[in-house]
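Report on one structure; see the data block that follows.
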Amino acid sequence: MIAIVDCNSFYASCERVFRPELRTQPIVVLSNNDGCVIARSDEAKEAGIKMGAVFHKVKGELDQKKVHYFSSNYQLYGDMSDRVMRCLQSINPDIEVYSIDEAFLDLAQANIPADGLVEFGKKVRIKVWRETGIPISIGIAPTKVLAKVANRLAKKAKQKTEGVLVLQTKTEILSALAATPLSDIWGFGYKKAYKLKSLFGMTTALDCYNNMTEEIMRKQFGGVVGLRVLRELRGERSISISSGAVEKQHIASTRSFGQPINTLSELTEAISVYTERALQKMEHQQSACKTVGVFLSTDRFKKEKGYYAKSAYGVLPHPTCNPHEVIEKAVELIRDIFLPQFSYIKAGVFLASFEDVGARQLSLFEQDVFETASKSKSEKLATLLATSEKKFGKKQIAMASSGIDSKWQMRMSHCSPHYTTDWRDLPVISLPAK
Amino acid sequence: MQREEDARLTISGFPSPAADYQTKPLSLDDYLIDYPLSTFFFRFQSDMYKPTTDFQNGDVLVVDRSKKATIKVKYAVIEKEGVFLLYDAEKIAQVKESQKNKSYNKESSIKLFGVVTGLVRKF
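Those sequence lines, one after another, are chains A and B.
Position 157 (the first sequence) corresponds to 157 in my numbering; numbering is contiguous.
Going from the second sequence to my numbering is simple: count from 1 and add 1000.
Next up, the structure:
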């Protein structure tokens, strides 16, 4: 059996660990730069706050409904996620961390009797809560896709399920599928659901389970991936735990600026930092990239000042994860598309064409033997940067072009303290008044 | 392992007789933290003065969420009305007693955050 563990309203729950009085209050968390709502507690959902709502437009409503709002505190969320994942791993070593707040557990080696799964799920919930303060929901089923179905229903009927739902018998599975709209099947989305409805009149996962053929699935609904989803839906394990994590095809780091910037030097600074961030993400999946893209944009709601948005791509001579080389390329590209007469509010960097660092191949024209001194120097620099970052924490050392005084830094006026990652931000404790 | 290699690397002549005995240097993390994933730090900052307490303003408290408030526990972190409070053994016992006698009012809900397992002070 496979379990998926999903943290309930994860960002809001992280904030609540250190603000216990908010445990019953509505909370929303805002995107980078306080742009829009990206996470909501159940109470905020009930209060009618929409996902993706533009912050400055709904601020009045939030205040009026006494919804608490937070800028995204990724230092905190990252640390709490890490704690949750390590806790899960201590329970069941066979774990695939799927996202910041989700993980699959392969229970094959756990030797849990069929009638002990609900009990197991409840124990996991209590342990994670006790140790980290984060509430979770668990779905357990024979395949990943079915575990996702179970988890969604566990969350929907929290009172009844106590956050744990096991789908084991055929009856259980079929009734769960009947209660699952097509668009809520993992990997489906609205587009496929719409197509299935308009072509075949299907509305629930059960329709798909009963009436879909593998042939049609493969040809019209996502090829091999679609086929695997269908098989998983029918209880046949087709997406393995370890390789289930699809490596990203591209990585982006894009932000809106705190205030518009109009000089090339500031823009170069911003682009360098974004590239560094994108590279950090890339490092996680141990890849090297070959394609670098950049883009910039003026405010499209202020057309009177003229609207300008452009992107540019460049190919590196060989796949690399060396910040020096990638930043150099990104800066070169941004210089090409920068026009001095505009004020920019947004810019970003894309990395693509990944290769595993280990499996890196030298191209025909790139001769290992003749690698220039400057290249080995820059690789050394990259290692140095990486080690110093581990040693001194982030951002103590940065590429010269990253600048030190960054006017364009994100707007994060509602950020909670970095309770677990900064000595200056520890939660305060005092003595009771008698 | 790394240190063992380092010891070998830095000596060019005779192998270090200490090489076989290299162990991890002392770590305050290891000393203070039993269970890192459930351990959080708090800063002690109180206007209340209590001469008997072990703590001074500015102290860092090591708090383990995974531990239960048993009889042996000297200090615990309590969540009450949105603030974190430090309860000593006597106070914890009082709360337990009132919960037993059902005079415990759910509205004023007092919750245990964790148990204080250590104290860090810099001079």
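Idealized CB from N, CA, C, for every residue including glycine.
Using 10 angstroms around the beta-carbon of residue i, count the other beta-carbons present and answer buried if the total reaches 16, otherwise exposed.
i       : result
A/T420  : buried
A/P427  : buried
B/Q1002 : Low confidence applies here, because B/Q1002 scores a pLDDT of 48, under 50, leaving its location unreliable; read the following figure in that light. The residue in question, B/Q1002, is exposed, as its Cβ has fewer than 16 Cβ neighbours within 10 Å.
A/I404  : Interpretation of A/I404 is limited by its pLDDT of 49, a score under 50 that renders its predicted location unreliable; the figure taken from the coordinates is listed afterwards. Label assigned to A/I404: exposed.
A/S311  : exposed
A/L199  : exposed
A/T24   : exposed
A/I140  : buried
A/D106  : buried
A/V84   : buried
A/G358  : Note that A/G358 scores a pLDDT of 43, beneath 50, so its modelled location is shaky and nothing firm can be said.
A/G223  : exposed
A/S253  : buried
A/R424  : exposed
A/H68   : buried
A/A157  : exposed
A/T263  : exposed
A/K192  : buried
A/S99   : exposed
B/F1123 : exposed
A/R152  : buried
B/I1092 : buried
B/M1048 : exposed
A/M51   : exposed
A/T275  : buried
A/S363  : Because the pLDDT of A/S363 is 37, which lies under 50, any placement of that residue in the model is unreliable, and the question is left without a value.
Quick test of your reading: residue i and residue j, contact by CB under 8 Å. State the CB separation rounded to the nearest angstrom.
i       : j      : result
A/A47   : A/K59  : Wrong, their Cβ atoms sit about 14 Å apart, outside the cutoff.
B/E1079 : A/P20  : 4 Å
A/L351  : A/A278 : 5 Å
A/L355  : A/P319 : Reading the sequence as shown, one finds Glu at residue 355 of chain A and not Leu. The Cβ separation is near 4 Å, so the contact holds.
A/L30   : A/H414 : 7 Å
A/F70   : A/I27  : 7 Å
A/M441  : A/L117 : One cannot answer for residue 441 of chain A here, as it falls past the ends of chain A, which runs 1 to 434.
For the beta strand (DSSP E) containing residue i, list its first residue and its last residue.
i       : result
A/S99   : 95–99
B/L1026 : That residue, B/L1026, is in no beta strand (DSSP E); it is neither H nor E in DSSP.
A/V471  : Outside the shown range of chain A, which is 1 to 434, sits residue 471 of chain A, and nothing can be said about it.
A/L296  : 287–297
B/K1080 : 1075–1080
A/G139  : 136–141
B/G1013 : Unbroken run through B/G1013: none, as it is neither H nor E.
B/K1111 : 1110–1120
A/D63   : Where A/D63 is concerned, there is no enclosing beta strand (DSSP E), although the alpha helix (DSSP H) it sits in stretches over 55–64.
A/I462  : Absent from the model: residue 462 of chain A. The displayed extent of chain A is 1 to 434, so no value can be given.
A/I2    : 2–7
B/R1043 : 1039–1044
Tell me which residue opens and which closes the alpha helix (DSSP H) that residue i is part of.
i      : result
A/D42  : 42–46
A/I334 : 323–337
A/C208 : 205–211
A/Y11  : 10–18
A/R130 : 117–132
A/E442 : What is shown of chain A runs 1 to 434, which leaves residue 442 of chain A out entirely.
A/V224 : 223–233
A/Y419 : No alpha helix (DSSP H) contains A/Y419, which DSSP labels as neither H nor E.
A/Q341 : Careful: A/Q341 lies outside any alpha helix (DSSP H) and carries neither H nor E.
A/I27  : From DSSP, A/I27 is part of no alpha helix (DSSP H) but of the beta strand (DSSP E) over 27–30.
A/Y190 : 189–200
A/I173 : 170–178
A/S90  : 74–91
A/V149 : 144–156
A/F257 : From DSSP, A/F257 is part of no alpha helix (DSSP H) but of the beta strand (DSSP E) over 250–261.
So is the beta-carbon of residue i under 8 Å away from any non-hydrogen atom of the ligand FMN?
i     : result
A/Y74 : This structure lacks the ligand FMN, and indeed carries no ligand of any kind.
Spell out a yes or no on whether the stretch 292–310 of chain A and the stretch 235–242 of chain A are touching, meaning 3 or more CB-CB pairs, one atom from each, closer than 8 Å. Counting Cβ pairs under 8 Å, fewer than three are found: no touch.
(Q) Across the stretch 1028–1037 of chain B and the stretch 1012–1019 of chain B, are there enough close Cβ pairs to call them in contact, namely three or more that are closer than 8 Å? (A) Short answer: they don't touch.
Kindly confirm or deny that the stretch 253–260 of chain A and the stretch 345–352 of chain A touch, where touching means at least three C-beta pairs closer than 8 Å.
Because the criterion of three Cβ pairs below 8 Å is met, the stretch 253–260 of chain A and the stretch 345–352 of chain A touch.
Using a Cβ-Cβ cut-off of less than 7 Å, give me the residues of the stretch 122–139 of chain A that come near chain B, in sequence order. Hits within the stretch, in order: R130, E131, T132, G133.
- Query: Looking at C-beta atoms only, is the number of pairs between the stretch 42–57 of chain A and the stretch 1067–1083 of chain B that lie closer than 8 Å three or more?
  - Reply: As far as the Cβ criterion goes, the stretch 42–57 of chain A does not touch the stretch 1067–1083 of chain B, which means the pair count is below three.
Item to complete: Evaluate contact between the stretch 9–20 of chain A and the stretch 167–182 of chain A, counting only Cβ atoms and requiring at least three cross-stretch pairs below 8 Å.
Response: Contact between the stretch 9–20 of chain A and the stretch 167–182 of chain A is absent, because fewer than three Cβ pairs lie under 8 Å.
What are the residues of the stretch 1062–1077 of chain B that lie near chain A, defined by any Cβ-Cβ distance shorter than 7 Å? Within the stretch 1062–1077 of chain B, R1065, S1066, V1077 place their CB atoms closer than 7 Å to a CB of chain A, listed in sequence order.
Contact between the stretch 153–166 of chain A and the stretch 118–130 of chain A is defined here as three or more beta-carbon pairs at a separation below 8 Å; is this criterion met?
These segments touch.
Short-range partners of chain B found in the stretch 82–101 of chain A, where Cβ spacing is below 7 Å: Going along the stretch 82–101 of chain A in chain order, one finds R83, R86, C87 with a Cβ nearer than 7 Å to chain B.
Just by C-beta distance, which residues in the stretch 1035–1053 of chain B are closer than 9 Å to chain A? Within the stretch 1035–1053 of chain B, the qualifying residues are Y1035, P1036, L1037, S1038, F1040, F1041, F1042, R1043, F1044, Q1045, S1046, D1047, M1048, Y1049, K1050, T1053.
Cβ pair count under 8 Å reaching 3, the stretch 1041–1049 of chain B against the stretch 1057–1064 of chain B
The answer is yes - the stretch 1057–1064 of chain B touches the stretch 1041–1049 of chain B, with three or more Cβ pairs under 8 Å.
Counting pairs of Cβ atoms below 8 Å between the stretch 178–198 of chain A and the stretch 31–41 of chain A, do you hit three or more?
-> Short answer: they don't touch.
(Q) Short of 7 Å Cβ to Cβ, which residues in the stretch 412–432 of chain A face chain B? (A) Flagged, chain order: T420, L426, P427, V428, I429, S430, L431, P432.
Exercise for the section: Could you run through the stretch 5–16 of chain A and flag, in chain order, every residue whose CB is less than 7 Å away from some CB of chain B? Expected result: Under the 7 Å Cβ criterion, the stretch 5–16 of chain A contributes no residue.
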